[in-house]
Amino acid sequence: MDVLLIANPNSTTQSDALFRQIIPRLREVPELHLCARFTHYPGHAEQMVRGLRRTDYELIIVVGGDGTLNEVINGLLGPVTDDNTSAFHPSHIPALAVIPTGSANVFARALGFPADPVAAALDLAVLIEGDFRRTICLGTWNHRWFAVNAGFGIDADVIARIERARAKGFSASPLRYLAVSLRTWFDAQRCPPAISAWARDRQGGELELHQVPLCLASNTNPWTFLGPLPVVTNPRNSFDRGLSMFVLRDLRGIKGVLAMVHLIGIGHRRWLEELIRDHTIQFDDIVELELRCEGPQRFQADGEFEGEWDHIRLATVPDAIEVMAPQYIPESTSRSWRVWLKNTLRLLRN
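With our numbering applied, the sequence shown covers 1 to 350.
In structure tokens, the structure reads:
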């Protein structure tokens, strides 16, 4: 098997010591021929894989975060066609695998890989030997692809602020994400975004909303991670279904605070869900979603800032790409307050 390994040396947890641990294990896989390349600038991974077919490499392993993975997906599949499909069948392009070294690593962890890159590499070697693979749905925005999440407003503002911090030499640690998220949340209280949305699900149901301050779109569950804490917006979502949308009607007041606490895993219990029911909206298995703003707003896809837009069209493409993935996916939606507290302390220690 010819395998191309693409590594982003600027991702959060990547180091020479890490490669000394993971490369030998991958090379132990029988009949695996490994070629490794490093990215040197944003967009480089997309350029590297553009035009590659399965006759070139059977598998591409991404050692990086969700942003690097997004580049590889867009490079392999090319622009989304006008009928919202890929120009290539999944069997014609290399399959995809990931060893997580980014900040959130949503894609890898949602597939069932451990967050630790060495443990993930060990699992991946077993999967390659056993040829455990599956196809997954991907999301699209305008003519590009995304794998885990996308959205206007607060989430995109957080990404933009994190990128500015990284440009100044600060690491994108989970604690920094938490601090920036809280600051962005409080800023949004004073001048909340005004987002309008229209969505249609696979059964033909429609939902239309106007002037909501928070609207998150996701292609899997959880929506993201803050260190060990899963941020759960739509528990029923997965890589096998359409997109999901989570909406907060109002950021202000105690119900707005409780709704945000609910997202980071504490309080997935009936009494709290009843209390915040009129503050939140969940809409699942979406095949088409349009988001509009009164003026240009920041937009993010897979944790990468994608500029400012006032109108975005999102959709889902089933069986878009083939991935190496574990058969067991850990539960990440329902957590007791004890588990939440334990994970929060881990986050603060890191």
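Every residue gets a Cβ at the ideal spot worked out from N, C-alpha and C, and that includes glycine.
Of the candidates Met-1, Ile-99, Pro-100, His-44, the residue whose Cα lies closest to the Cα of Asn-74 is His-44.
Annotation for Glu-290: the continuous beta strand (DSSP E) segment containing it runs 280-301. One Cα belongs to Leu-248, the other to Thr-184, and the distance between them is close to 15 Å. When C-alpha distances from Val-148 are compared across Arg-176, Leu-182, Ala-104, the shortest belongs to Ala-104. Using a 10 angstroms sphere on the CB of Gly-153, the tally of other CB atoms reaches 16 or more, which defines it as buried. Pairing Leu-175 with Gly-78, the inter-Cα distance amounts to about 35 Å. Counting every other CB atom within 10 Å of its CB across the protein chains shown gives Phe-107 a total of 16 or more, marking it as buried. One thing to note: Arg-200 has its Cβ no nearer than 7 Å to the Cβ of Gly-242.
Taking all protein chains in view, the Cβ of Cys-191 is surrounded by fewer than 16 other Cβ atoms within 10 Å, so the residue is classified as exposed. Within the region 40-73, the runs of beta strand (DSSP E) at least 3 residues long that lie entirely inside it are, in chain order, 59-64. The Cβ-Cβ distance between Asp-319 and Thr-39 does not fall below 7 Å. Within the region 91-144, the complete alpha helix (DSSP H) segments at least 4 residues long are 106-111, 117-130, listed from N- to C-terminus.
When DSSP reads this structure, Leu-243 sits in a beta bridge with Ile-286. Rounded to the nearest whole angstrom, the C-alpha separation of Asp-302 and Val-98 is 14 Å.
Nearest neighbour of Asp-240 by Cα position, chosen from Thr-233, Leu-111, His-311, Ile-195, turns out to be Leu-111. DSSP places Ala-36 inside the beta strand (DSSP E), whose first and last residues are 33-38. As for any beta strand (DSSP E) of minimum length 3 sitting wholly inside the region 182-218, the runs are 195-201, 206-212, 214-218, ordered along the chain. Residues of the same chain with a CB within less than 6 Å of the CB of Glu-206, apart from the 5 flanking positions on each side, are Arg-200 in chain order. For Thr-224, the closest C-alpha among the options Gln-14, Arg-109, Val-212 is that of Arg-109. Leu-291 sits away from Ala-179, with the two beta carbons spaced by 7 Å or more.
By the neighbour-count criterion, in which a residue is buried when 16 or more other Cβ atoms sit within 10 angstroms of its Cβ, Gly-307 is exposed. Note that the region 12-31 does not touch the region 80-90; fewer than 3 beta-carbon pairs, one per stretch, sit closer than 8 Å. Within the DSSP secondary-structure output, Trp-309 pairs in a beta bridge with Gln-297.
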